[in-house]
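The sequence shown runs 5 to 385 under our numbering.
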Amino acid sequence: LQAPDAVLPEKLWPIGIMSRAWAEKHGVTLPQDYNTKQETFAVRNANGTGPFALKRYEPDTRTVLAAHAAWWGRRGNVTEAVYTVIQSDATRLAALASGQVDLVIDPPYQDIARLKRENKLLLAETSDIGTQYLGFDQHRAELESGDVKGRNPFKDLRVRRALYQAIDVDLIVSKVLRGQATPTGSFVSRLVDGYVADLDRRLPYDPAAARALLKAAGYPNGFGVTLDCVNATYRAAVCQALAAMLAQVGIRVAFRPSPTALFFPKLTQATSSFFEFGWSPATDAWTVLNAVVHSYDGVASGAFNAGRYSNARLDVLIDSLRVEPDLARRRAMVGEALRMLHDDLPLVPLYRRTLAWVMRPGIRLAQWPNDVLELRWVQMD
5 LQAPDAVLPE KLWPIGIMSR AWAEKHGVTL PQDYNTKQET FAVRNANGTG
55 PFALKRYEPD TRTVLAAHAA WWGRRGNVTE AVYTVIQSDA TRLAALASGQ
105 VDLVIDPPYQ DIARLKRENK LLLAETSDIG TQYLGFDQHR AELESGDVKG
155 RNPFKDLRVR RALYQAIDVD LIVSKVLRGQ ATPTGSFVSR LVDGYVADLD
205 RRLPYDPAAA RALLKAAGYP NGFGVTLDCV NATYRAAVCQ ALAAMLAQVG
255 IRVAFRPSPT ALFFPKLTQA TSSFFEFGWS PATDAWTVLN AVVHSYDGVA
305 SGAFNAGRYS NARLDVLIDS LRVEPDLARR RAMVGEALRM LHDDLPLVPL
355 YRRTLAWVMR PGIRLAQWPN DVLELRWVQM D
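Set out below in structure tokens:
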């Protein structure tokens, strides 16, 4: 370390331990580049010292993991796990009902009420630590996918607030997400240290106020822009609902869904004018603040600041948060940062999902709020 780092434990816990000699031998001392779809030796070959070892990897088909006999920590009783890619929602649930698979993560929202009613399978639910947002290009003088020339509407706080108040998130949660989410006005969830409950109340849904704000900002007839979104079923449906709501106040949205392999480079390369995305942070707020709203420096900060938002005061606060060891002061600093985001709206918070896993009877597990299944905590009868 070249300087104190109060969040070092948060950075270290997800890092797997690998043999240096093995990594050097096979040329994998640096991580693969996901943006260019790089595939290194480590992708298809067993390595590391974790509770499971890679047995077989078939891209977009299945991944087979085997229990690591030399694992030093606590373990469940799973000896082999097969992750199978099943694109169809109906086929996934049919495979579970027939016993072909044991567990389905994120079953389709439209089936959850039925699964609860039938009570034949086990359903685990918990609140997501992550949050879904709308983001904007806030650095170009003119939007690449907009119809306004010579200006960038999203640089104006009145436009960002108008967009916020044009969205009926309660309706999206009840109709599109079938109640499997919670509307939020907070940049982070209550599971993140430093969360401020007062900031979790959304601005009121008010299309008339939204139209007045657009008029005051110089857009009485609205404007057109393209919305980028992941083409996952529920995400695409949410984006279509957003487009319809924004049209009611004059913001004409062209919906552009993309697979994740094409969508995420738009975020890291800041090539989208308007985008819907989600972020699941660690429990310390610094991780999401530094990655998503700190000014982009091309090195350590702002890697997912897809709108290239920049606020010098916020940057100083985030940088100070990285080195501040006192917990009470850290929480106060996080609260100050969250209030700045609440006032400036570089992103519009939408909702937090209710994570659902459905499984056959006889399975016991720990459901994490980041939607990740930890096989070492699974017990099967």
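Ideal Cβ placement from N, Cα and C applies to all residues, glycine included.
Tell whether a beta-carbon distance below 7 Å holds between Val257 and Leu231. yes
Tell me which same chain residues have a C-beta within less than 7 Å of the C-beta of Asn81, skipping the five on either side of it? Gln383 and Met384
Could you give the C-beta distance for Pro365 and Leu126, rounded to a whole number, given that I count them as a contact under 8 Å? 6 Å
Roughly how far, in whole angstroms, is the beta-carbon of Gly226 from the beta-carbon of Ile255, given that I think they are within contact range, below 8 Å? The C-beta distance from Gly226 to Ile255 rounds to 5 Å, short enough to fall under 8 Å.
According to the Cβ coordinates, are Phe278 and Val296 closer than 7 Å? no
Is it buried or exposed, Thr135, if we count other Cβ atoms within 10 angstroms and call 16 or more buried? buried
I think Ile367 touches Asp160, with their Cβ atoms under 8 Å apart; what is that distance to the nearest whole Å? Incorrect: roughly 52 Å between the Cβ atoms, too far for contact.
Does Leu231 have its Cβ less than 7 Å from a Cβ in chain D? Included in the structure is just one protein chain, with no chain D present.
Is the beta carbon of Pro187 sitting closer than 7 Å to the one on Tyr61? Inclusion of Pro187 and Tyr61 in the CB contact set at 7 Å is not warranted, their separation being larger than that value.
Whose CA, out of Val242, Arg155 and Asp348, lies closest to the CA of Leu203? Of Val242, Arg155 and Asp348, the residue nearest in Cα terms is Asp348.
Endpoints, the alpha helix (DSSP H) within which Met344 is located: DSSP places Met344 inside the alpha helix (DSSP H), whose first and last residues are Leu331 to Asp348.
Which class does Tyr300 belong to by DSSP, given the choice of helix, strand or coil? coil
Span of the alpha helix (DSSP H), counted from its first residue to its last, around Trp361: Trp361 -> not in any alpha helix (DSSP H); beta strand (DSSP E) instead, spanning Leu351 to Met363.
Cβ contact check for the region 6-14 and the region 288-295: 3 or more pairs under 8 Å: yes
I'd like to check one pair, Gly189 with Arg162: are the Cβ atoms closer than 7 Å? no
Quick one: using the 10 Å Cβ neighbour count with 16 as the cut-off for buried, is Gln142 buried or exposed? Classification of Gln142: buried, given that the 10 Å Cβ count is 16 or more.
Check each candidate in Val192, Val152 and Gln244 and name the one with the smallest Cα separation from Leu175. Gln244
Please state whether the Cβ-Cβ distance between Thr65 and Val89 is less than 7 Å. yes
Is Asn235 near Pro269, with beta carbons less than 7 Å apart? no
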